[in-house]
Structure formats: structure tokens, C-alpha cells
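Since the structure comes first, as C-alpha cells, the remarks are kept for the end.
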Amino acid sequence: MKTLLRISAVLILSAFPVFFLHAAEIEPEGTMLRKLQRGFLNVALSPIEISNELAKEKKNDTFLPSWFAGLGRGAWFTVGRALTGVYEMVTFPVPYPANYRPILKPEFAWHHLPSAKD
0 MKTLLRISAV LILSAFPVFF LHAAEIEPEG TMLRKLQRGF LNVALSPIEI SNELAKEKKN
60 DTFLPSWFAG LGRGAWFTVG RALTGVYEMV TFPVPYPANY RPILKPEFAW HHLPSAKD
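Residue numbering for the sequence shown follows numbering that gives the first Met the number 0, starting at 0 and increasing by one per position.
Below, the structure is given as C-alpha cells:
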């Protein structure tokens, strides 16, 4: 019985990476599932906009503290990305804009993160 339990555990645990690899795939462009996925990810990851704006303002030297302006703009963009994500999740069956194109550019929030080299 213990051997059967161990074999079962090994088989189940060896199958987990396959499930996670499949779940991590981004849907191809132009599908309603891509629009739903994009909407969910834009809602969940919208706070990335704050870090993006703070990184941009780090190089700017102005009278007001640069983090203050970056934080305000990042919060504004966070709300915009989250609301757009909600809109895309609610309207994912409707092919508008044409061919399920993204409303925001870049499509996902992580596309404009500063690279590790910067």
C-alpha cells in the first residue's frame, strides 16, 4: 500500500509542471480568450504603472520632489489600466475593437518595465 501511495505521489507531482506550463501560456492574438486574459492581467498587474512612473521620474530633477509627480501619475495610470481591464473582461465576447485588438498600448503592463540593465 505504501509503495502504491509513493508511486501515485510521484506521478501526481511529475504532472504538475505540465499543468503550470500550459496555464502560463499567453493566448494568440485576435481571440476572445486573449481579450479576457489581457483584461484580467491588466486588472491584477495595474500597480506596475506606479513603479514604471517612479522609475521614469527618478531621472527627472524638478522643483517638486520627482517621486511625488511619479506617484500621482502612476496612480492615475493604474486606475486607467484597471478600468480598461474590467471593460475588457466584461466585453470579451464582443470583437470590438476590430479583431479583439488591445485598447491600451502597450498591451500588458510589464512591457514597459525598465530592464535589468538600466
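Think of the CB as a built atom: it goes at the ideal place given N, C-alpha and C, for glycine as much as any other residue.
Indicate the three-state DSSP secondary structure (helix, strand or coil) for G29 in the structure shown. In the three-state scheme derived from DSSP, where H, G and I count as helix and E and B as strand, G29 is classed as coil.
My understanding is that G84 touches G38, with C-beta atoms under 8 Å, so please give their C-beta distance in whole angstroms. The pair is a contact, with the Cβ atoms about 4 Å apart (cut-off 8 Å).
Enumerate, from N- to C-terminal direction, the unbroken alpha helix (DSSP H) stretches of 4 or more residues contained entirely within the stretch 43–98. Here the runs fully enclosed are 47–56, 65–89.
Comparing C-alpha positions only, which one of P27, Q36, M31, L103 sits nearest to T77? Comparing alpha carbon positions, the residue from P27, Q36, M31, L103 closest to T77 is L103.
Which of helix, strand or coil does DSSP assign to I102? Looking at I102 - three-state DSSP - the assignment turns out to be coil, as it is neither helix nor strand.
Candidates P64, A43, L44: which alpha carbon is nearest L53's? Considering only alpha carbons, the answer is P64.
Among R72, A81, K55, the one whose alpha carbon lies nearest that of A43: It is A81 whose Cα lies nearest to the Cα of A43.
Grouping DSSP H, G and I as helix and E and B as strand, with all else coil, what is F107? Assigned with DSSP and collapsed to three states, F107 falls in coil, not helix or strand.
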